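Beneath this line is the structure, given in structure tokens, with notes to follow.
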């Protein structure tokens, strides 16, 4: 039986791509396109806004998400405050969630862990298959390149992205720190503008670019004297992330309550 999937924040850039990915997947049914309660899109047919949907979406209108919404799985890439409100309703209804919201602080992450005691939650900062393979590759590089390597993480995104560094960049840094048996927060460096000393090999530096319509680029650098390893992932379409999220939605549909990652979905 196909999973009945509801997309939250359905009017946003990522939300519309998620609608298309869900609608066009042969094993999912687009059951909900949810927007804010005061949105001008309420009641508007989804096909009038999102192009390229199959005939299965005919008759589906944008609606507000509440306790009456009926879906097997919810996909949420909205901002933290909205996502947490949706999470409370999902827990009350017992509906699994796939969450790609970034920029969460420690308390907000704890809300996810608490919710996962009641419903299955798949959380990832990036749902692309390539990025999740890259998380494994950077750990191998961190273990094999030695302690004298200089480690840096670079990321670039479109001008509208709010959080910096990106959640994916932080995930790469955290994976490297775990492989090196470092505490990430102790070695992460976000700003060297006030530094008056040479960098240490026991640090992970982050740099950020924001501009234009860049979908997402991430590079982990491992620089030694005489050689440099660069591990890079470039996304050219948001559909990459959306298809990964739909894959996670199908996977989590009948799982027991728990906190899951995309690494588990992909069996990496």
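In the UniProt record's numbering, the protein residues as written are 1 to 268. Where a beta carbon is used, it is the ideal one built from N, C-alpha and C, also for glycine. This one's a predicted model, so the numbers in the text were calculated from it and none came from an experiment.
On the three-state DSSP scale, how would you describe residue i?
{"i": "residue 127", "result": "coil"}
{"i": "residue 204", "result": "strand"}
{"i": "residue 240", "result": "helix"}
{"i": "residue 36", "result": "coil"}
{"i": "residue 257", "result": "coil"}
{"i": "residue 122", "result": "strand"}
{"i": "residue 88", "result": "helix"}
{"i": "residue 76", "result": "strand"}
{"i": "residue 246", "result": "helix"}
{"i": "residue 61", "result": "strand"}
{"i": "residue 18", "result": "helix"}
{"i": "residue 268", "result": "coil"}
{"i": "residue 83", "result": "helix"}
{"i": "residue 110", "result": "helix"}
{"i": "residue 50", "result": "coil"}
{"i": "residue 263", "result": "helix"}
Alpha carbon to alpha carbon, how far is residue j from residue i? Give it in angstroms, no decimals.
{"i": "residue 68", "j": "residue 32", "result": "11 Å"}
{"i": "residue 240", "j": "residue 209", "result": "21 Å"}
{"i": "residue 2", "j": "residue 201", "result": "50 Å"}
{"i": "residue 259", "j": "residue 115", "result": "9 Å"}
{"i": "residue 106", "j": "residue 237", "result": "30 Å"}
{"i": "residue 35", "j": "residue 4", "result": "17 Å"}
{"i": "residue 148", "j": "residue 187", "result": "15 Å"}
{"i": "residue 211", "j": "residue 27", "result": "36 Å"}
{"i": "residue 172", "j": "residue 220", "result": "8 Å"}
{"i": "residue 15", "j": "residue 22", "result": "10 Å"}
{"i": "residue 195", "j": "residue 205", "result": "13 Å"}
{"i": "residue 110", "j": "residue 103", "result": "13 Å"}
Among the options, which has the Cα closest to the Cα of residue i?
{"i": "residue 174", "options": "193, 122, 213, 137", "result": "137"}
{"i": "residue 163", "options": "41, 207, 227, 4", "result": "207"}
{"i": "residue 37", "options": "20, 187, 145, 11", "result": "11"}
{"i": "residue 168", "options": "62, 71, 113, 132", "result": "132"}
{"i": "residue 203", "options": "189, 194, 213", "result": "189"}
{"i": "residue 157", "options": "13, 215, 24", "result": "215"}
{"i": "residue 96", "options": "196, 139, 127, 254", "result": "254"}
{"i": "residue 70", "options": "6, 80, 60", "result": "6"}
{"i": "residue 262", "options": "193, 126, 183", "result": "126"}
Checking the sheet assignment: what are the DSSP bridge partners for residue i?
{"i": "residue 2", "result": "In the DSSP output, where bridge partners are listed per residue, residue 2 has none listed."}
{"i": "residue 231", "result": "220"}
{"i": "residue 28", "result": "3"}
{"i": "residue 97", "result": "74, 121"}
{"i": "residue 45", "result": "61"}
{"i": "residue 210", "result": "157"}
{"i": "residue 8", "result": "34, 76"}
Return the chain-ordered ranges of every beta strand (DSSP E) run that is complete within the segment 125-199 and spans a minimum of 3 residues.
150-157
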